[in-house]
Amino acid sequence: MSFLRVDGTRIVNASGNEVVLHGAGLGGWMTMENFISGFPGCEFQIREALTDTIGKEKAEFFFDKFLEHFFAEPDAIFFKSLGLNCIRIAVGYRHFQDDLNPRVLKPNCFKHLDRAVSLCAKHSIYTVIDVHTAPGGQSGGWHADGGTHLGYFWTHKDFQDSLVWLWEQLATHYKDNPWIAGYNVLNEPADPHPQHQGLINLYDRLHETIRAIDENHIIFLDGNTFATDFTKFPEDAGTRWRNTAYAIHDYAVFGFPNSPEPYTGSEAQKDRLVKTYKRKREWIDQHGLCVWNGEWGPVYARAEYDGDATDDINTRRYAVLRDQLEIYEKDRLSWSIWLYKDIGFQGMVHVSPSTPYRRHFAQFLAKKHRLAVDAWGKDDKDVKHVYQPIISLIESSVADPKYLKLYPPLWTLPERVTRISRTIMLAEFMVQEWADLFKGMDETQLEDLAKSFAFENCLKRDGLNEILTAHAARMSFLKVDGTKVVDASGNEVILHGAGLGGWMMMENFISGFPGCEFQIREVLADTIGKEKAEFFFDKAHAIFFKSLGLNCIRIAVNYRHFEDDLNPRVLKPNCFKHLDRAISLCVKYSIYTVIDVHAAPGGQSGGWHADGGTHRGHLWTHKDFQDSFIWLWEQLATRYKDNPWIAGYNVLNEPADPHPQHQGLINLYDRLHEAIRAIDENHIIFLDGNTLATDFTKFPEDAGTRWRNTAYAIHDYAIFGTTNSPEPYTGSEAQKDHLVKAYKCKREWIDQHGLCVWNGEWGPVYARAEYDGDATDDTNARRYAVLRDQLEIYEKDRLSWSIWLYKDIGFQGMVHVSPSTPYRRHFAQFLVRKHRLAVDGWGKDDKHVKHIYQPIISLIENSVADPKYLKLYPPLWTLQERVTRISRTIMFAEYMVQEWADLFKGMDETQLEDLAKSFAFENCLKRDGLNEILTAHAARVANRA
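Residue numbers (my numbering): 4 to 948.
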């Protein structure tokens with residue numbers, strides 16, 4: 004994990020890749036605000052009043068419980084699920100120091116902030132620490148928690164010294180935490196000095212103080228006058244303030260009750276949105292600096308106040324939201340919408356009206372709304388007439404209109420009058436009334452009020468969240484750009500990973516059974532591998548995989564998990580359960596996934612891995628199978644279209660279309676592309692070449708435009724890495740040349756057409772002491788040499804790849820089930836016999852039985868009239884291979900299926916679970932030689948990014 008930093012106009016990571024921050028402000032928590040939490044006035048006033056009313060102990064109990072419940076792990080999980088990646092945490096200075104005991108840290112003052120930062124880091128969410136209130140108040144707003152309309156911070160050095168001291172403490176405490184994106188040193192300053200000199204001097208001091216402690220974190224500097232004005236900032240800001248971004252707050256007038264007109268999305272209204280936004284960032288752009296939109300977003304109507312107009316109003320507000328995001332998207336702007344949580348006015352989630360807090364304060368909240376006591380998003384239609392005489396009196400009494408222009412200029416005369424007389428003065432008269440509503444409550448009742456703010460007691464504002472998620476997804480999906488896979492910023496992403504085979508696509512050599520998955524499931528009647536599938540891939544596996552520096556898992560799935568051949572095109576119950584779980588685990592640890600349909604209806608090849616049970620792929624000869632397959636991809640695309648952590652869809656593993664022109668495959672790819680793109684334009688489609696992902700020569704010349712956002716998948720197994728290697732691998736120039744030529748041959752057509760290559764499967768198999776004896780170490784040393792030399796080739800091409808295989812019972816996996824587990828012990832003799840008989844097709848060693856099948860091979864060879872008749876499809880299957888595939892790995896294997904199943908007889912559920920649990924990470928061994936080579940390669944490529 005590395006620190007983010009500013010590079011010119013962008014935020015980037017340690018590799019120089021752009022990181023666009025999409026998030027929300029966690030306001031109303033460590034800076035309580037009246038409209039968020041439902042009190043009048045300022046936080047310090049209600050804290051004092053509640054202490055006076057129910058006593059210090061109970062008041063502290065309530066506020067601590069409020070902090071505990073307002074933001075907890077369920078909030079972080081939900082936030083991450085939306086595809087967002089950054090939370091701006093608004094904190095009040097009073098949590099850390101007392102005005103009567105300044106520059107002395109309060110006990111346990113970091114308790115809740117540490118908890119929030121850690122929770123966010125746990126779920127791969129960046130945080131920005133935002134000091135939202137400064138001693139004396141940096142503005143006259145309620146959110147500065149000063150209680151007056153003047154910001155005394157600017158006129159008292161002691162207040163400024165206390166803020167500088169506070170940032171010394173925060174920087175010292177958090178300087179080593181890379182999940183903190185940076186420090187937003189002062190929210191919405193309002194320095195009245197005409198040249199903003201107070202603010203510039205303060206920023207100089209804060210920069211010097213923080214940089215003396217912490218050179219790594221970004222500093223976010225708000226513009227003056229509520230983060231809108233940078234015009235007096237120094238010309239040398241870019242060098243004067245290092246590693247710094249500049250924060251605008253881009254609230255749109257059309258998103259509020261005082262909108263000059265209903266928002267319809269007219270060209271004139273959109274133009275106003277653009278001009279307002281561009282004006283705020285103009286100075287920053289002129290100086291080539293980095294912009295961050297620290298706050299923005301509409302407020303929303305509520306049925307209890309807005310009645311029948313609620314839905315229409317909110318539809319217009321969502322339109323404002325979309326149109327602002329469209330502007331930001333063009334600029335690849337990082338932003339933090341205001342607000343994550345409140346009691347129903349603006350938050351992405353909001354406290355349910357049925358909670359104790361909302362019920363208890365319902366009448367008070369209604370009165371506060373009617374009186375427009377809160378300044379933010381006020382609707383003052385019921386009381387505007389009361390204040391108008393004061394406004395008129397001032398207007399008519401001041402000698403010259405120029406005298407009406409006071410600082411801040413955003414406060415017109417009506418705004419200033421209502422700020423002082425209503426949101427400050429009137430609010431003060433309501434503070435005690437709010438506090439009195441707590442009288443007589445015990446700790447249980449107080450906690451019930453506080454717990455109303457817990458995630459489980461909140462409602463989600465789905466309209467808002469769906470729009471934010473869709474935007475974040477558009478900005479974050481991987482895509483194909485020419486020959487490269489890139490992120491939303493156009494930075495190349497090289498996928499280094501492994502295939503998760505043998506799990507939702509069980510294979511004989513991986514799990515130890517004979518034949519095909521459907522056969523052993525039938526004879527075992529789903530006793531194993533159904534309810535206990537969670538052990539094969541769980542949290543521990545994801546953590547280990549990520550620790551190797553790898554970033555993508557290709558998940559092989561069998562169509563049979565989703566539909567039944569006797570009930571086609573109907574989803575099975577809970578069919579997404581395990582796939583959802585695996586994808587979510589990978590997301591949690593920032594691992595991309597590729598969904599690989601490894602077995603299609605009817606079988607796309609004659610291999611065991613197509614789970615068809617024959618040597619022919621019937622997918623190509625039956626339209627119904629193809630229709631079912633298209634239907635399956637419609638279901639998968641519909642379910643996963645909004646998940647940017649899915650790198651893409653590997654639509655069909657190792658097809659083997661026997662048509663000389665590959666017409667069946669090309670037609671199928673046309674149909675799949677059309678079906679998926681009708682649902683999902685974002686995800687990459689990975690297309691395997693024909694004949695087991697080796698042959699693209701009959702692919703259409705217009706593939707680059709015909710199939711959008713598509714990469715082409717080779718499978719680059721090297722003969723020297725298998726048991727039938729023609730000679731021991733020594734790494735000779737001739738052998739290396741063979742590796743290069745075989746690899747280049749597979750990708751030649753793709754390169755000729757300037758398309759993107761992905762190596763979806765490759766990798767040696769390994770010797771095992773129980774079968775290979777003293778030769779094991781020497782054999783594996785040669786296999787590791789093949790591995791290194793293949794990686795050296797890939798490294799030069801910056802190739803994305805997915806090695807086969809992540810886990811098995813000891814033949815090829817990065818981890819493998821220990822021989823000491825119940826599964827390996829129970830099936831030991833069966834596995835030895837299966838190996839000796841070479842029943843599995845993959846990496847077989849048939850020295851013990853080759854002579855048995857040779858007479859059949861010789862008979863055919865001698866009986867066929869012309870050698871050309873021996874050349875059947877697929878050409879990779881020689882006569883010998885074809886005979887052994889049919890007679891040994893299909894026919895012979897069928898006779899061993901029931902024998903395997905019988906080994907489960909008499910077992911109770913505990914014993915069955917012990918067998919299944921043998922595949923859990925803690926019961927596996929790591930193939931260190933393989934993993935170290937993969938990790939070193941991934942690190943080298945990352946360092947060269």
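Even for Gly, the Cβ is constructed at its ideal location relative to N, Cα and C.
Is the beta carbon of M444 sitting closer than 8 Å to the one on I57?
Here residue 444 corresponds to residue number 441 of the sequence shown, with the count starting at 1. Here residue 57 corresponds to residue number 54 of the sequence shown, with the count starting at 1. Their beta carbons are under 8 Å apart, which means M444 touches I57 by this criterion.
So the alpha helix (DSSP H) T472 belongs to, where does it begin and stop?
Position 469 of the sequence shown, counting from 1, holds the residue named residue 472. In the DSSP assignment, T472 falls within the unbroken alpha helix (DSSP H) covering D465 to S479.
Taking only three categories from DSSP, how would you classify A17?
Taking the first residue of the sequence shown as 1, we reach residue 17 at position 14. Residue state for A17 is assigned as coil, using DSSP reduced to three classes.
Distance between beta carbons of P767 and L790, contact taken as under 8 Å
Position 787 of the sequence shown, counting from 1, holds the residue named residue 790. Position 764 of the sequence shown, counting from 1, holds the residue named residue 767. Going by Cβ atoms, the distance from L790 to P767 rounds to 6 Å, so yes, they are a contact pair.
Out of curiosity, what's the CA-to-CA distance linking V134 and N227?
For the purposes of this step, residue 134 is taken as residue 131 along the sequence shown, with counting starting at 1. For the purposes of this step, residue 227 is taken as residue 224 along the sequence shown, with counting starting at 1. Cα-Cα distance, rounded: 15 Å.
Reduced DSSP secondary structure (H/G/I, E/B, other) of C519
Residue 519 sits at position 516 when you count from the first residue of the sequence shown. C519 sits in coil when the DSSP states are folded into three classes, being neither helix nor strand.
Per DSSP, what are the beta-bridge partners of I688 in this structure?
Taking the first residue of the sequence shown as position 1, residue 688 is located at position 685. I688 pairs with Y652 and T713.
For the region 194–206 against the region 231–240, are there 3 or more C-beta pairs whose distance is under 8 Å?
Under the three-pair Cβ rule at 8 Å, the region 194–206 counts as touching the region 231–240.
Straight-line CA distance for W761 to D673?
As a working note, residue 761 is residue 758 in the sequence shown. As a working note, residue 673 is residue 670 in the sequence shown. Going by the C-alpha atoms only, they are around 20 Å apart.
Inter-residue Cα distance where the pair is S399 and A476
The residue labelled residue 399 in the question sits at position 396 within the sequence shown. The residue labelled residue 476 in the question sits at position 473 within the sequence shown. The alpha-carbon atoms of S399 and A476 are separated by roughly 54 Å.
Alpha carbon to alpha carbon, what distance is there between P265 and D314?
The count along the sequence shown starts at 1 and reaches residue 314 at position 311. The count along the sequence shown starts at 1 and reaches residue 265 at position 262. Answer to the nearest angstrom: the Cα atoms are 13 Å apart.
By a C-beta neighbour count over all protein chains shown, 10 Å radius and 16 as the cutoff for buried, is E684 buried or exposed?
As a working note, residue 684 is residue 681 in the sequence shown. By the 16-neighbour rule on beta-carbons within 10 angstroms, E684 is exposed.
For H252, name the three-state secondary structure that DSSP assigns.
One-based indexing of the sequence shown puts residue 252 at position 249. The answer is strand: DSSP assigns H252 an E or B state.
Spell out the partners DSSP gives W295 in its beta bridges.
As a first step, residue 295 is located in the sequence shown; it is residue number 292 there, counting from the start. DSSP, once it has assigned bridges, lists A250 and S337 as partnering W295.
Mapping the DSSP letters down to three states, classify E534 as helix, strand or coil.
One-based indexing of the sequence shown puts residue 534 at position 531. Residue confidence for E534 is low, a pLDDT of 42 falling below 50, so the modelled location carries little weight; the figure read from the coordinates is stated next. Looking at E534 - three-state DSSP - the assignment turns out to be coil, as it is neither helix nor strand.
Can you have a look at E188 and say buried or exposed, based on whether 16 or more other CB atoms are within 10 angstroms of its CB?
Against the sequence shown, residue 188 aligns to sequence position 185. The question names Glu, but residue 188 in the sequence shown is Val. Counting Cβ neighbours within 10 Å, V188 comes out buried, since at least 16 surround it.
Sequence-distant residues of its chain with Cβ nearer than 7 Å to L122 (five each side left out):
Stepping through the sequence shown from its first residue, residue 122 is reached at position 119. Correct list, in chain order: E76 and A79.
Residues near G500 by beta carbon distance below 7 Å, same chain, minus five either side
As a first step, residue 500 is located in the sequence shown; it is residue number 497 there, counting from the start. Excluding positions up to five away in sequence, the list reads L553, N554, C555, I556, R557 and S805.
Please tell me whether F156 and A184 are closer than 8 Å, where the distance is taken between their beta carbons.
By one-based count along the sequence shown, residue 156 stands at place 153. By one-based count along the sequence shown, residue 184 stands at place 181. Cβ distance not < 8 Å, so F156 and A184 don't count as in contact.
D529: buried (16+ other C-beta within 10 angstroms of its C-beta) or exposed?
As a first step, residue 529 is located in the sequence shown; it is residue number 526 there, counting from the start. Below a pLDDT of 50, predicted positions are generally treated as unreliable, and D529, at 47, falls in that range; no measurement from the model is reported.
Closest by CA to C461, which one among V352, L452, M508 and Q391?
Taking the sequence shown and counting its residues from 1, the one referred to as residue 461 is at position 458. For the residues V352, L452, M508 and Q391, the minimum Cα distance to C461 belongs to V352.
Could you give the C-beta distance for F539 and K810, rounded to a whole number, given that I count them as a contact under 8 Å?
Stepping through the sequence shown from its first residue, residue 539 is reached at position 536. Stepping through the sequence shown from its first residue, residue 810 is reached at position 807. That belief holds up - the Cβ atoms of F539 and K810 are roughly 7 Å apart, short of 8 Å.
I need the DSSP call for R245, collapsed to helix, strand or coil.
Walking along the sequence shown from the start, residue 245 turns up at place 242. Three-state result, R245: coil.
Since I believe W648 is in contact with C589 (beta carbons under 8 Å), could you give me their beta-carbon distance rounded to a whole number of angstroms?
Looking up residue 589 in the sequence shown gives position 586. Looking up residue 648 in the sequence shown gives position 645. At roughly 7 Å, the Cβ-Cβ gap stays under 8 Å, so C589 and W648 are in contact.
My parser needs the alpha helix (DSSP H) runs of 4 or more residues fully inside the region 756–791; what are they?
Here the runs fully enclosed are 772–775.
Would DSSP call I936 helix, strand or coil?
The sequence position of residue 936 within the sequence shown is 933, counting from 1. In this structure, I936 counts as helix in the three-state DSSP scheme.
Note down, in chain order, each residue of its chain lying with its Cβ closer than 6 Å to the Cβ of G139, except the 5 sequence neighbours on either side.
Sequence index remark: in the sequence shown, residue 139 carries index 136 (1-based). Y155, F156, H159 and F162.
Quick one: what's got a C-beta closer than 6 Å to Q808's C-beta in the same chain, skipping five residues either side?
By 1-based counting over the sequence shown, the position of residue 808 is 805. The sequence as given places Leu at residue 808; Gln does not occur at that position. Excluding positions up to five away in sequence, the list reads G502, G504, Q815 and G816.
Cβ neighbours of F38 in the same chain (closer than 6 Å, five flanking residues each side left out):
Position 35 of the sequence shown, counted from the start, is the residue given in the question as residue 38. Excluding sequence neighbours, F38 sits near F348, D377 and W379.
Can you tell me the Cα-Cα spacing of V654 and K463, whole angstroms?
The residue given as residue 654 occupies position 651 in the sequence shown. The residue given as residue 463 occupies position 460 in the sequence shown. Taking the straight line from one Cα to the other gives about 35 Å.
Roughly how many angstroms separate the alpha carbons of I812 and D583, rounded to a whole number?
On the sequence shown, residue 812 is found 809 positions in, with the first residue counted as 1. On the sequence shown, residue 583 is found 580 positions in, with the first residue counted as 1. I812 and D583: Cα-Cα distance of roughly 25 Å.
When you compare only the Cα positions, how much space is there between I860 and V886?
Residue numbering aside, residue 860 sits at position 857 when the sequence shown is read from its first letter. Residue numbering aside, residue 886 sits at position 883 when the sequence shown is read from its first letter. Rounded to the nearest angstrom, the two C-alpha atoms are 7 Å apart.
Cut-off 6 Å between Cβ atoms - residues of its own chain near S1, not counting five sequence neighbours on either side
Because the chain spans 4 through 948 in this model, residue 1 falls outside it and cannot be assessed.
Range covered by the beta strand (DSSP E) that runs through K281:
Within the sequence shown, the letter at position 278 stands for residue 281. Note, K281: premise wrong, no beta strand (DSSP E); alpha helix (DSSP H) at E270 to Q289.
Please report the distance separating the alpha-carbon of S587 from that of L471.
To locate residue 587, count along the sequence shown from 1; it is residue 584. To locate residue 471, count along the sequence shown from 1; it is residue 468. Distance between the alpha carbons of S587 and L471: 19 Å.
Going by DSSP, what residue range makes up the alpha helix (DSSP H) through M433?
For this step, residue 433 is matched to residue 430 along the sequence shown. From DSSP, the alpha helix (DSSP H) with M433 extends over A430 to D439.
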